[in-house]
Amino acid sequence: MDFERAFKFPTDDPDWIKKVVIGAILSIIPIVNFISFGYALELLKNIIDSKEELPEWSEFGGKFVKGLVAVIIYIIYMIIPAIIMFVFGGTSIMAMANGHDAAIAGGIVGFGITMLLVILLAFVIGFIIPMAIANYIAYDEFGAAFRFSEIFGKIKDNFSDYI
């Protein structure tokens, strides 16, 4: 991977400053920032298609939808750690609320183990999500973000570039 080129090609666009400023402004406005996320995903699609050019700031609705769908993909991936946290973490907290010394000690240990598991799982899933979103963008299909064998294969084949 040519890192120098990756950071240099955006400045080849004569309107790059205007495009970056628009993106920066949209990024700080809640909900509207899905548009700038969609723009970044459109740039990713250009890179996947070997087009080294910044997208135009047009079709805001399409960019908003792409950004929103990517956030939904992220949320779906993170549901498993959230469920584990709520179920096991909640159980541990209820045990601690019991008030007995043994229950409090068990609750603390259980909560600690749950947190460790959730953090590790979220880290692993967080490592997978960018490729899942890239797969969604490459195929322009929501389901492509959940083609696990394809996603893991791409991560494996491009591991050094991916990390």
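With numbering that gives the first Met the number 0 applied, the sequence shown covers 0 to 162. C-beta: ideal position from N, C-alpha, C; glycine also. Keep in mind it's a predicted model, so treat the numbers as computed, not measured.
With 16 other Cβ atoms within 10 Å as the buried cut-off, status of residue i
i, result
"Leu-42", "buried"
"Ser-57", "exposed"
"Leu-115", "exposed"
"Pro-54", "buried"
"Gly-60", "exposed"
"Ala-69", "buried"
"Phe-158", "exposed"
"Ser-148", "exposed"
"Ile-112", "exposed"
"Gly-37", "buried"
"Ser-91", "buried"
"Ala-96", "exposed"
"Phe-6", "exposed"
"Ala-104", "exposed"
"Ala-94", "buried"
"Phe-110", "buried"
Proximal residues to residue i (C-beta, below 6 Å), its chain only, five neighbours per side dropped
i, result
"Ile-150", "Met-130, Ala-131, Asn-134"
"Pro-9", "Trp-15, Leu-53"
"Ile-215", "Residue 215 lies beyond the stretch modelled for the chain, which goes from 0 to 162, so this question has no answer here."
"Ile-154", "Met-130, Tyr-161"
Close beta carbons around residue i, own chain, < 7 Å, minus the five adjacent residues each side
i, result
"Val-31", "Leu-25"
"Lys-62", "Ile-34, Gly-37, Tyr-38, Glu-41"
Best match in the options for proximity to residue i [C-alpha to C-alpha]
i, options, result
"Ile-78", "Val-19, Leu-120, Glu-55", "Leu-120"
"Pro-29", "Ile-47, Asp-11, Gly-66, Glu-3", "Gly-66"
"Ile-82", "Val-117, Asp-11, Pro-13", "Val-117"
"Asp-14", "Gly-125, Arg-4, Glu-52", "Glu-52"
"Ile-72", "Phe-147, Ile-128, Phe-6, Lys-7", "Ile-128"
"Gly-89", "Gly-98, Gly-106, Tyr-76", "Gly-106"
"Phe-122", "Lys-155, Tyr-76, Gly-109, Val-64", "Tyr-76"
Limits of the unbroken alpha helix (DSSP H) element including residue i
i, result
"Asn-45", "32–47"
"Asn-134", "100–138"
"Ile-27", "No alpha helix (DSSP H) contains Ile-27, which DSSP labels as neither H nor E."
"Ile-74", "59–83"
"Lys-153", "147–156"
"Thr-10", "Unbroken run through Thr-10: none, as it is neither H nor E."
"Gly-88", "Careful: Gly-88 lies outside any alpha helix (DSSP H) and carries neither H nor E."
Cut-off 8 Å between Cβ atoms - residues of its own chain near residue i, not counting five sequence neighbours on either side
i, result
"Ala-137", "Lys-44, Ile-47, Ala-143"
is_contact[residue i, chain C] using C-beta, thresh 8 Å
i, result
"Leu-115", "No chain C appears in the structure shown, which is made up of a single protein chain."
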